[in-house]
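Below is one structure, written out as structure tokens, with a few remarks after it.
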Amino acid sequence: MADIVVGLIIAGMALWGWRSGFVRSVFHLGYYIIAAVVALFLYPVVSSYLIKSPLATFIHDKIILPRLATDSVKLSLPPFLKEAVSGGIDGATLTVATSLTELVINIICFIAVFIITGIGLRLAINILDSIAKLPLINIVNKVGGLAIGTFNGFIIVYLVLAAATVFMNDNIYGYLASSKYALKMYNDNLLLKLLFG
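In structure tokens form, the structure reads like this:
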């Protein structure tokens, strides 16, 4: 099912590229690339500010820690060992929660900077598109748009899968695991590899 959604997104963007034409699609692709490059450079600045904000505290305390919490009462250990193990678990949990909070903030900042940059670039694309409607190159324009639109579809799928990382749970992962291509794109997400090596 997830493969069908991925296929529909890519096919939809390919159709959009055909209808929009090469010139508009190239600028649209450039919009994605420029927005991604700007986001790669600016997200650390925004992230360093947000990591000290109430948003990071909320994500850490209300979203991540409850998911990582382990109840030491459920451990079948003698009381003195429960305290020692519980202290170690609590320390490890806080370390993991802090790392996950930073990861979530980084992803949120990257996506936010990407979207804001994209809005500004879209305005420029609309102006240039009105200049590029030349009747003699219409078919070349459309075929080129089809290729660029397909590529844009892949970028959108990678962005959606990067965003899904923030909200990943067993149900969403099970949905992805039942697919072939969506799971491969999730596990080998090029955008996340750019962000986190």
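Counting the sequence shown from 1 gives a position; our numbering is that position plus 556.
Glycine residues also receive a C-beta, built at the ideal position from the N, C-alpha and C atoms.
For residue i, the nearest candidate out of the options (CA to CA)
| i | options | result |
| --- | --- | --- |
| V601 | A591, F666, L650 and V562 | F666 |
| N708 | Y587, N727 and M557 | Y587 |
| L621 | K608, F710 and L656 | L656 |
| I671 | I589, E658 and R623 | I589 |
| N682 | G568, A567 and S576 | S576 |
| E658 | L717, I566, A595 and F614 | F614 |
| G568 | T651, F710 and T649 | F710 |
| I619 | G730, S734 and T654 | T654 |
| V678 | G573, W574, D559 and A591 | The displayed chain sequence assigns Arg, not Val, to residue 678. That would be A591, whose Cα lies nearest to the Cα of R678. |
Residue j beta carbon less than 9 Å from that of residue i
| i | j | result |
| --- | --- | --- |
| A680 | V561 | no |
| A720 | Y742 | yes |
| V792 | G676 | What the structure shows of the chain is the stretch from 557 to 753, and residue 792 is not part of that stretch, so it cannot be assessed. |
| T706 | A570 | yes |
| I565 | V669 | no |
Where residue i falls, given that 16 or more other Cβ within 10 Å makes a residue buried
| i | result |
| --- | --- |
| M557 | exposed |
| S609 | exposed |
| L746 | exposed |
| R623 | exposed |
Whole-number beta carbon distance between residue j and residue i, since they are thought to touch under 8 Å
| i | j | result |
| --- | --- | --- |
| I607 | I664 | That belief does not hold up - the Cβ atoms of I607 and I664 are roughly 11 Å apart, past 8 Å. |
| T533 | A595 | Nothing in the structure corresponds to residue 533, since the chain is present only between 557 and 753. |
| F578 | N697 | 4 Å |
| G573 | L751 | With 8 Å as the limit, G573 and L751 do not qualify as a contact, their Cβ atoms being about 26 Å apart. |
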